[in-house]
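J.:
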Amino acid sequence: MEQKDEKNCNSEEEGERQGPKTFLGIFTREKFIILCVVIGLMALLLIIILTSVFLITQSDASVNMEMEPFPSDGDMLDFLLQIGEIQEKDGLYATWYHAANNKSEMNKALNSDVMILEADINVKGYNTANETNIAIMAHPPDIYSDNTLEEWLDAVLKSKKGIKLDFKSINAVELSLDLLRVKKQTGINRPVWINADILPGPNVPVFWPVINASEFFELIQLKFPDVTISPGWKVLYLSIFPNVTYTRSMVEEMYTIVRHLPQKITFPVHALMAKNGWPHLSWLLSQSPRFSLTLWQGKENPTVNDLLFIRDNSNPLRIYYDIYEPVLSKFKEAAKLRNRPRRFYPGGDIIDYFRPVNNDGLNIQWDTVTDKDDLLYLLKDSQGGMLVIPVISSEGQPNIPIIQGSKPELPLQDCLELILASKKSWGIYLRIKSQNQLSLTLELLRQAYDRDLLHHPTWVNMDIAHGTFYIQDYVTGEEFLRTIDQIFPYVTLAPGWPKEVLDEGYKPELVEDMVQLFQGAWQDVSLQLHAETLYRTVTGCRSLLHAQSRFSMTLEHRAEDRDLNTWTASLMAIRALNRQRSFYNMPNMYREHIANLPENQDHTALTKTLQNDS
Ligand SMILES: *[C@@H]1O[C@H](CO)[C@@H](O)[C@H](O)[C@H]1NC(C)=O
Ligand SMILES: *[C@@H]1O[C@H](CO)[C@@H](O)[C@H](O)[C@H]1NC(C)=O
Ligand SMILES: *[C@@H]1O[C@H](CO)[C@@H](O)[C@H](O)[C@H]1NC(C)=O
Ligand SMILES: *[C@@H]1O[C@H](CO)[C@@H](O)[C@H](O)[C@H]1NC(C)=O
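Residues 179 to 792 (the working numbering) make up the sequence shown, in order.
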């Protein structure tokens, strides 16, 4: 608008000037003075317009420069929300620009609508005779760049973009942190993430050079601790080994190194390895609310389904997706679809899956499958819940697992297919009687999982023998664990004690041996208790409550068992301690009965005493 006015003024002015020149001879003195005044006024107007245009442009620039205060160790999503880039706190909406290193890439990134710039830092002339102590923006093998970190920061700090700096050599770290400290004086006002690969990861031999973690962390604490740390594993994705992923020990090693750091931590994870590694990665996430994951990719694209799997099993605040187009857009579209079936991790928590009222395990329904008609009825009429499936061998063919008591025999495979085809929420609880059935059942689960059909919480129950409850003819605890780990480990382990050892209830030594056996398992564990045996459990109650800090408990009661008056303080103590970690495998009428029991003071007192003891 203003520019247009300015042009008009100019042309008018030129027209007037031409006037007097051409007709100077015939103008009177007065007319000439008036003309001069008019010209003078026009010139003044022009100056005013130009000045105001200039001022407006200037103030626009200063609006860009001026960022609201934001701590550089603050949460990235809080920042993006504050500057209005995202409308809700969800890592799905954060966007990334890769390798915004040299000036042209950096400017491209700055002029794009991407929210966070990721750039690589090296030392100028690194590892040559010409090595300097200047931090430059370059990805190895590049050791020269038209952009130093200082220039990069000067440019990026004028924008509203978040910052992720990826260190490719330890030599660059101190230089860069010093620079950040200087820049802090004039205001960084956005989150700064500091990334380095500090451990060998999938497909990378242990001798592969990585950034020395202790030096890296020490420099951060010393020079510039106000950052989010992004400590990663060096990873090689090889399409010929598509199943290689992060192992339990890689994740535990990482946890050991970072657990004492005070900063927020986001672990970079290769997107193609995230689903297979999920049991371990989710364990890592659960260790601290300060932890998040950033999925990243190389040349190969992850599948939308694998990304949905991660999304469906995690808190949206705790996963970032540094994924390329077009997969990213497809993924976002799919993620936002309503009523999309959830791709639940079968080893996941049933409270998370069923979301029962008050997060109370008592509000999850349990039903036992007896035959095909019964199953079809349940699938149609029930709202969903845990399906207890007792598995035995077919009479004629011992290698075909079937549902116990079904006539005609209902093969487990058919049973599973009916359940997996249902759109309701079902948990699968497999009650397995023999070791042979265990392998066959796990094989069926593995097949369903590989066909991308098994998105249900899946529990594997067996009565097992171990230590003080070693009874011949029961599968040993070690064998149970080994078979599951070998064939299909993505389950919740649901071990029970042989009934032969329960004459005096759940004695402390029985509980302690069970806890010791499953201590090292990485899966969720739910100890299976017979409600009717609990009344005999006086001495063991404390051990059970201690065990509950590590494992959940499932109380089972069958219609044919002893009647309800025998519910005991032990049961109520277990229930009172943690309602998200006690489950009730029993007909509805018993669950209702428990729900209606008054919160007896004595029980609460007992629970308190036991808690205080621990
Ligand atoms: C900057 O980096 C991009 C991407 O690596 C590259 O294609 C381009 O040639 C580089 N430009 C200069 C001037 O180095
Ligand atoms: C070091 O710099 C000199 C002068 O710029 C150059 O001639 C030489 O090739 C460089 N050496 C290395 C190892 O890059
Ligand atoms: C890392 O650096 C520290 C201190 O410089 C050193 O003691 C340690 O051995 C290094 N660790 C590795 C794995 O190189
Ligand atoms: C990877 O896992 C899938 C699914 O379990 C399996 O079908 C495939 O054979 C495995 N591939 C390799 C190379 O091990």
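C-beta atoms are modelled at their ideal positions from N, C-alpha and C, and glycine is treated no differently.
If you follow the beta strand (DSSP E) that Glu296 is in, where does it begin and where does it stop?
T.: Counting along the chain, the beta strand (DSSP E) containing Glu296 begins and ends at 294–301.
J.: Am I right that Tyr142 and Asn639 are in contact with their C-beta atoms under 8 Å? What's the rounded C-beta distance?
T.: With the chain represented from 179 up to 792, any question about residue 142 goes unanswered, as that position is not in the structure.
J.: Given the structure, does Asp863 come close to ligand 4, in the sense that its CB is under 7 Å from one of the ligand's heavy atoms?
T.: Outside the displayed range of the chain (179 to 792) lies residue 863, so it cannot be described from this structure.
J.: Tell me whether Asp324 counts as near ligand 6, meaning its Cβ is closer than 7 Å to at least one heavy atom of that ligand.
T.: Only ligand 1, ligand 2, ligand 3 and ligand 4 can be found as ligands here, which leaves ligand 6 out of the picture.
J.: Confirm, please, whether the CB-CB distance from Phe666 to Ile642 is below 8 Å.
T.: Going by C-beta atoms, Ile642 is not nearer than 8 Å to Phe666.
J.: Just to confirm my understanding: we take Lys199, look at its own chain, exclude 5 residues before and 5 after, and list those with CB closer than 6 Å. What are they?
T.: Bear in mind that the predicted position of Lys199 carries a pLDDT of just 49, short of 50, making it too unreliable to give a figure here.
J.: DSSP state of Pro675, grouped into three classes?
T.: The sequence shown places Trp at residue 675, not Pro. Trp675 falls in the coil class under three-state DSSP.
J.: Determine contact between the segment 500–516 and the segment 597–605, defined as no fewer than three beta-carbon pairs at a distance below 8 Å.
T.: Too few Cβ pairs lie closer than 8 Å, so no.
J.: Is Glu329 close to ligand 1? I mean its beta-carbon at under 7 Å from any heavy atom of the ligand.
T.: No, ligand 1 has no heavy atom inside 7 Å of this Cβ.
J.: Check whether the Cβ of Glu393 sits closer than 7 Å to any heavy atom of ligand 3, and report yes or no.
T.: Yes, ligand 3 has a heavy atom inside 7 Å of this Cβ.
J.: Any chance you could list the beta strand (DSSP E) runs of at least 3 consecutive residues sitting entirely within the segment 488–516, in chain order?
T.: Fully enclosed beta strand (DSSP E) runs of 3 or longer: 497–500.
J.: Please go through the same chain and pick out, in chain order, the residues whose beta-carbon is closer than 7 Å to the beta-carbon of Pro446, but skip the five residues on each side of it.
T.: Excluding residues within five positions, the ones whose Cβ falls inside 7 Å are Asn373, Ser408, Gly410, Thr472, Trp474.
J.: Decide if Phe345 is buried, meaning its Cβ has at least 16 other Cβ atoms within 10 Å, or exposed.
T.: Burial call: buried.
J.: Quick one: complete alpha helix (DSSP H) runs, 4+ long, within the segment 575–624?
T.: Segments of the alpha helix (DSSP H) lying fully in the segment 575–624: 590–599.
J.: May I have a chain-ordered list of the alpha helix (DSSP H) segments no shorter than 4 residues that lie completely inside the segment 321–366?
T.: As far as the segment 321–366 is concerned, its whole alpha helix (DSSP H) runs of at least 4 residues are 327–334, 349–364.
J.: If you run the structure through DSSP and keep just helix, strand and coil, what is Asn242?
T.: With a pLDDT of only 48 at Asn242, under 50, the local geometry of the prediction cannot be trusted, and no value is derived from it.
J.: Helix, strand or coil, according to DSSP, for Gly269 in the structure here?
T.: Correct three-state label for Gly269: helix.
J.: Going by beta-carbon coordinates alone, are Val653 and Leu616 separated by less than 8 Å?
T.: In this structure, Leu616 lies closer than 8 Å to Val653 by Cβ.
J.: By how many angstroms is the C-alpha of Leu397 removed from the C-alpha of Ala350?
T.: Cα to Cα, the separation comes out at about 11 Å.
J.: In the DSSP assignment, the alpha helix (DSSP H) including Pro457 goes from what residue to what residue?
T.: Looking at the DSSP string, the run of the alpha helix (DSSP H) that includes Pro457 is 456–464.
J.: Is the segment 412–426 touching the segment 375–382 in the sense that three or more CB pairs, one from each, lie closer than 8 Å?
T.: Yes, the segment 375–382 touches the segment 412–426.
J.: Take Asn242 and list the residues in its own chain whose beta-carbon comes closer than 6 Å to its own, dropping the five residues that flank it on each side.
T.: In this prediction, Asn242 scores a pLDDT of 48, lower than 50, which makes its location untrustworthy; no coordinate-derived value is stated.
J.: What does a CB cutoff of less than 7 Å around Glu393 pick up in its chain, not counting 5 residues either side in sequence?
T.: So the list reads Ile348, once near-sequence residues are dropped.
J.: In whole angstroms, what is the alpha-carbon distance linking Leu331 and Met245?
T.: Straight-line Cα distance between these residues: approximately 15 Å.
J.: Using the beta-carbon of each residue, find all residues closer than 5 Å to any heavy atom of ligand 1 and list them in chain order.
T.: Having a Cβ closer than 5 Å to some heavy atom of ligand 1 are Asn280, Ser282, Glu283.
J.: Could you give the C-beta distance for Gln706 and Thr670, rounded to a whole number, given that I count them as a contact under 8 Å?
T.: Rounded, the Cβ-Cβ distance is 11 Å, inconsistent with contact.
J.: Beta-carbon within less than 8 Å of Val566's beta-carbon, same chain only, minus the 5 sequence neighbours each way: which residues are those?
T.: These residues qualify, in order along the chain: Trp544, Asp545, Thr546, Val547, Tyr607, Arg609, Asn763.
J.: Is it buried or exposed, Gln701, if we count other Cβ atoms within 10 angstroms and call 16 or more buried?
T.: When all chains shown are included, Gln701 counts as buried.
J.: Are the beta-carbon atoms belonging to Asp691 and Phe647 less than 8 Å from one another?
T.: Contact flag set, yes.
J.: Are the Cβ atoms of Asn483 and Asp630 separated by less than 8 Å?
T.: Yes, these two residues count as a Cβ contact at 8 Å.
J.: Taking only the alpha-carbon atoms, compute the straight-line gap between Pro494 and Glu266 and give it to the nearest angstrom.
T.: Rounded to the nearest angstrom, the two C-alpha atoms are 10 Å apart.
J.: Beta-carbon within less than 6 Å of Gly455's beta-carbon, same chain only, minus the 5 sequence neighbours each way: which residues are those?
T.: Excluding residues within five positions, the ones whose Cβ falls inside 6 Å are Thr423, Tyr424.
J.: Hey, how far is the Cα of Arg769 from the Cα of Met564?
T.: Cα-Cα distance, rounded: 14 Å.
J.: Over what stretch of residues does the beta strand (DSSP E) that includes Asp641 continue unbroken?
T.: That run of the beta strand (DSSP E) goes 636–643.
J.: Per the DSSP calculation, Gln706 is bridged to which residue(s)?
T.: In DSSP, Gln706 forms a bridge with Gly674, Thr732.
J.: Under three-state DSSP, which class holds Glu682?
T.: Three-state result, Glu682: coil.
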